[in-house]
Structures are given as structure tokens and as C-alpha cells.
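Residue 507 is where the sequence shown starts when you use the numbering used here, and the numbers rise one by one after that.
All residues carry an ideal CB built from backbone N, CA and C; glycine is no exception.
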Amino acid sequence: MGRPKAARKRKDGPPVRVPAPTPIEDTEGVDLEDDGDHLQAMEAGDPDLGLGADTPGRRTKDERWYKTIEAQIERLPRSAGIDRRTMDEVFDRKTLMTLYKFISNGVIQQLEYPVSTGKEANVFTATTPEETWICIKIFRTSNATFHDVLQYIQGDPRFQGIKKEKRGLIAAWTQKEYRNLGRAIDVGVRVPEPIANFDNVLLMEFIGDETGPAPRLKDVVVDDPERVAEEILDDYRSLFTKARLVHADLSEYNILWHQDKHVIIDVGQAVLLEHPMAEEFFERDVQNMSRFMTKMGAPRDVATVRRHVLGDAEHFGALLSRNRDNE
Numbered sequence: 507m508g509r510p511k512a513a514r515k516r517k518d519g520p521p522v523r524v525p526a527p528t529p530i531e532d533t534e535g536v537d538l539e540d541d542g543d544h545l546q547a548m549e550a551g552d553p554d555l556g557l558g559a560d561t562p563g564r565r566t567k568d569e570r571w572y573k574t575i576e577a578q579i580e581r582l583p584r585s586a587g588i589d590r591r592t593m594d595e596v597f598d599r600k601t602l603m604t605l606y607k608f609i610s611n612g613v614i615q616q617l618e619y620p621v622s623t624g625k626e627a628n629v630f631t632a633t634t635p636e637e638t639w640i641c642i643k644i645f646r647t648s649n650a651t652f653h654d655v656l657q658y659i660q661g662d663p664r665f666q667g668i669k670k671e672k673r674g675l676i677a678a679w680t681q682k683e684y685r686n687l688g689r690a691i692d693v694g695v696r697v698p699e700p701i702a703n704f705d706n707v708l709l710m711e712f713i714g715d716e717t718g719p720a721p722r723l724k725d726v727v728v729d730d731p732e733r734v735a736e737e738i739l740d741d742y743r744s745l746f747t748k749a750r751l752v753h754a755d756l757s758e759y760n761i762l763w764h765q766d767k768h769v770i771i772d773v774g775q776a777v778l779l780e781h782p783m784a785e786e787f788f789e790r791d792v793q794n795m796s797r798f799m800t801k802m803g804a805p806r807d808v809a810t811v812r813r814h815v816l817g818d819a820e821h822f823g824a825l826l827s828r829n830r831d832n833e
């Protein structure tokens, strides 16, 4: 599990307030082949997971937590196109166990409302014991379209030897997004601050205000498209040259607009430069950036976008070779 942490300061704004709860087991570096099925250990009272033995008192406490979580879920507004069937698919028993763990460790206190629903995941808002808003991204396990995620995971040295069954892949994908967010934050790229992850649940910074979540770039008209385009390109260059990641799905659909700034989201599919398909994914991102920047009023051809990211390197392979020589 990714360890909850206090937020680091953004380069252009105050830090997000995140509580410092009881530490939760950190699985970074653990073989993910067995990841994704902690339910038996949790139910058995594994002391490494912070739960006691299976006693009548503990079962009574667990039952109260379950009822509390289920009651919160029942009160969630159905305002994001999420019907009862989808809610049942999202909140399966293992997911409830994960939410129980986060609540009992003081990481989250209250589920608030749905933000979005997608093919792979649903996003909800929640509050912490300090009344800070955060996001909960729950990757769906019942009908998730994870048949194509292997192309993003295989070839990533961080996830070698994972089990290719659905639950294990989802756990790996969740941890992959958590770790990619951390790499991006560390080099100053504007992405949501990662807080914690476990199994199929990812907690991260809420991008928005008291009126609701921030809109996507596709849904706004920016006042200074040239500035916005340059700032996005600068961030992509930092992601590429400093974090050594290719986003692999960057478009106006995966960029939020908040406080007159962009925030890049959905980085789960981002791959390291050493990934065998990194160059193909990079070229797709370059074409997408050229397209949507031109559409928003800051025209740039593919060559210009590529040159901004690569700098004086002639092509992707040349930059990768140079980086290897400097290691």
C-alpha cells in the first residue's frame, strides 16, 4: 500500500492539507504477484495489517464499520450518471474492506458525492477527519475493461512478475498510478497529490472548490491559450526528461482547469522511457497536443510540439540513448 503522506508544497500555491494518520503498510517493492487479495488476511486479523484477532469484540466492531460505510454509500447522490447496479459493482466486499481500513486508520472520514464514472474506474469525493476534501478513485473489478492494460504494465521494470489475473492487474494498475503521480509531483509537474493506495482504491488530492470538481480543459475557453499551451508543454517536458515518463494518453479530456492553471490527470497508463512502446505512446501524445492546442487557439504543428519536449535531441531514441549514457 502506498503510505499516506502530508502534501508537498506546489510550486505556485499552498499545500493541500492531508492528515498524518496511523501508518499503513507500504507495499512498494513487494512482488505484486500476490497483491490484490488481502481480504483473507484482513478477515483473519493479520497483525501486519493493523487488525486484531478474530474475536467477538472485533467482529462486532467490524460490523459497525461495515454498516457505517454502507450507510454512507446509500446516501451518495445519484447525480453523476451512476445507477444502483453500477454502485453495487463498484462497492464489492473487498472494496468495502479497503474503505474500512482507510476509515479505521483515520485517512478518510466521510464519502461525499460521485464525481465521474468511466470504463475502468469511478471517482468520488470524501472528507478527512480534518475536513479536507480528497478524491477516491475506485477501479472497478466486476466488468473493468482491463484486457488491454498489459501493454502498459508489461515492459515496466517496476511491475515484473505480476500475476495476469484481473484482481492482480487492477491492484498493479492502482499502484502504478499512485507511483506515477509521485514521480510527477517530485519534478514539479501539476498533477493531483497522491495520498495512499491499497488494492483497487487510490486516494489523491481533490482538484476543485466548494462549488464542485474542476472542469476538463475541453469544457472551458481559456483567456490566454498561448500561455496555457506553453505551460502544458513545459510540464510534459518535465514529465518526460525529469520523471522519465510518457503520459501515453494526454488530451484535453485528461487535463483539468483550476485556478487559471492546468492539472494533468489519469496518469495510470504512463510508462517509463525504457518501456518497449514508449516511443509509440510519445508520438501519440505529441499528435494529441498539436491537435487540441490548435483547437483552443494556440496552433502548433507536430514538429514544434516534439521539438519543445525533446529539446536539441533529434528524436526520441537519441534522447533515450543520451540519458542512458549519463546514468
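Check each candidate in ARG813, VAL769, GLU716, ALA754 and name the one with the smallest Cα separation from MET783.
It is ALA754.
List the endpoints of the continuous beta strand (DSSP E) containing LEU708.
Counting along the chain, the beta strand (DSSP E) containing LEU708 begins and ends at 707–711.
Status (buried if at least 16 other CB within 10 Å, exposed otherwise) for LYS607:
Counting of Cβ neighbours within 10 angstroms places LYS607 among the buried residues, the total reaching 16 or more.
Euclidean distance between Cα positions of LEU617 and GLN578
One C-alpha to the other measures close to 6 Å.
Per DSSP, what kind of secondary structure is GLY817 in: helix, strand or coil?
Collapsing the DSSP output to three states places GLY817 in coil.
Could you give the residue range of the alpha helix (DSSP H) that holds ILE659?
That run of the alpha helix (DSSP H) goes 656–659.
In angstroms with no decimal places, state the Cα-to-Cα distance between THR717 and HIS764.
So the alpha carbons of these two residues sit roughly 12 Å apart.
Counting beta carbon pairs with one atom in the segment 721–737 and one in the segment 680–695, are three or more of them shorter than 8 Å?
Too few Cβ pairs lie closer than 8 Å, so no.
Sorted by chain position, which residues of the same chain lie with C-beta nearer than 6 Å to VAL728's C-beta, five sequence neighbours on each side aside?
Closer than 6 Å at the Cβ level, and outside the excluded window around VAL728, lie VAL734.
Nearest by alpha-carbon distance to LEU751: which of VAL773, VAL613, VAL629 is it?
Looking at the Cα atoms, VAL773 is the closest of the given residues.
Backbone CA spacing between ASP818 and GLU786 [nearest angstrom]
The C-alpha of ASP818 lies about 20 Å from the C-alpha of GLU786.
Since THR717 is in the beta strand (DSSP E), which residue starts that stretch and which ends it?
Going by DSSP, THR717 is part of no beta strand (DSSP E) at all; its letter is neither H nor E.
Coil, strand or helix - LEU778 by DSSP
LEU778 falls in the strand class under three-state DSSP.
Are GLY661 and VAL792 closer than 9 Å when you measure CB to CB?
Going by C-beta atoms, GLY661 is not nearer than 9 Å to VAL792.
Residue from ASP705, ASP692, ILE668, LYS767 with nearest C-alpha to LYS643
Selected option, being the one with the closest Cα: ASP705.
To the nearest angstrom, how far is it from the Cα of HIS814 to the Cα of GLU580?
HIS814 and GLU580 have their C-alpha atoms roughly 49 Å apart.
Which stretch, first to last residue, makes up the beta strand (DSSP E) that contains THR623?
Annotation: the continuous beta strand (DSSP E) that includes THR623 extends over 616–623.
Measuring CA to CA, which of ILE738, THR810, LEU779, LEU605 is closest to PHE822?
Comparing Cα positions, the closest option is LEU779.
In the structure shown, what three-state DSSP assignment does LYS643 receive?
The answer is strand: DSSP assigns LYS643 an E or B state.
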